[in-house]
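Every letter in the sequence shown is one number past the one before it in UniProt numbering, and letter 95, counting from 1, is 95. Even for Gly, the Cβ is constructed at its ideal location relative to N, Cα and C.
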Amino acid sequence: MNIGDCFGDSGVIIEEVAGKLILIVEDKYLIGASLALFLEQVGARIAGPAKDVEEAMASLDPRPDIVILDIQLAVGTSFPVADELVRRGIRFIFATGTPSVIPAEHSRRLVCAKPYTGLAVVAALKAALAAPA
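What follows is the structure, encoded as structure tokens:
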């Protein structure tokens, strides 16, 4: 089985994400690698996947255009990263199976609920990229 099979191969470059640097913060290797592969297939450039807060913070240079944040990481949550992204004016979406734990200060952010498809993530990315940071 190809690692990208759970997302499919769109075979189509998606203009709104093509060339964008997307940082993936995801502690589960298979999910992060599959998402990265799918996004590369639709034309995005990928940073990560970063598996924890420390790796995510180190991956903010060069500045990503947008970040995909899993909330529950192996150690803690990605909320410190979300706070830093707000401080830097970097767009992000949550990709999580636990949207109910999102604190009030981030409750207006777009959420792509797990389990998701690659195209659902792309739709959330397109909406976030079109919105003000």
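Measuring alpha carbon to alpha carbon, tell me which residue in the options is nearest residue i.
i, options, result
"LEU73", "ALA124, LEU37 and ALA50", "ALA50"
"PHE94", "LYS28, VAL121, PRO132 and GLU16", "VAL121"
"LYS28", "VAL12, PHE38 and ASP52", "ASP52"
"HIS106", "ARG63, GLY97, VAL81 and THR117", "VAL81"
"ALA38", "ARG88, ILE13, PRO62 and ALA58", "For clarity, residue 38 is Phe in the given sequence; the question names Ala instead. Considering only alpha carbons, the answer is ILE13."
"LEU125", "GLU54, ILE68, PRO62 and ALA33", "ILE68"
"VAL86", "PRO99, ARG109 and SER34", "ARG109"
"ILE90", "PRO103, PRO99, THR98 and PRO62", "PRO62"
"THR98", "ARG88, VAL111, PHE92 and ALA104", "VAL111"
Is the closest heavy atom of the ligand FMN to the C-beta of residue i under 8 Å?
i, result
"ASP52", "Among the components of this structure there are no ligands whatsoever, and the ligand FMN is therefore not found."
Decide if residue i is buried, meaning its Cβ has at least 16 other Cβ atoms within 10 Å, or exposed.
i, result
"ASP70", "buried"
"PRO115", "exposed"
"GLU26", "buried"
"PRO64", "buried"
"GLY118", "buried"
"ALA104", "exposed"
"ALA131", "exposed"
"SER34", "buried"
"ALA127", "exposed"
"ALA58", "exposed"
Are residue i and residue j closer than 9 Å when you measure CB to CB?
i, j, result
"SER78", "ALA113", "no"
"GLY43", "VAL17", "yes"
"LEU60", "GLU40", "no"
Can you give the beta carbon distance from residue i to residue j, rounded, assuming they're within the 8 Å contact cut?
i, j, result
"LEU129", "ILE66", "6 Å"
Are any of the Cβ atoms in chain B nearer than 9 Å to that of residue i?
i, result
"VAL86", "As a matter of chain content, chain B is missing from the structure shown, which is built from one protein chain."
Just checking, does the segment 12 to 23 make contact with the segment 41 to 49 on the three C-beta pairs under 8 Å criterion?
yes
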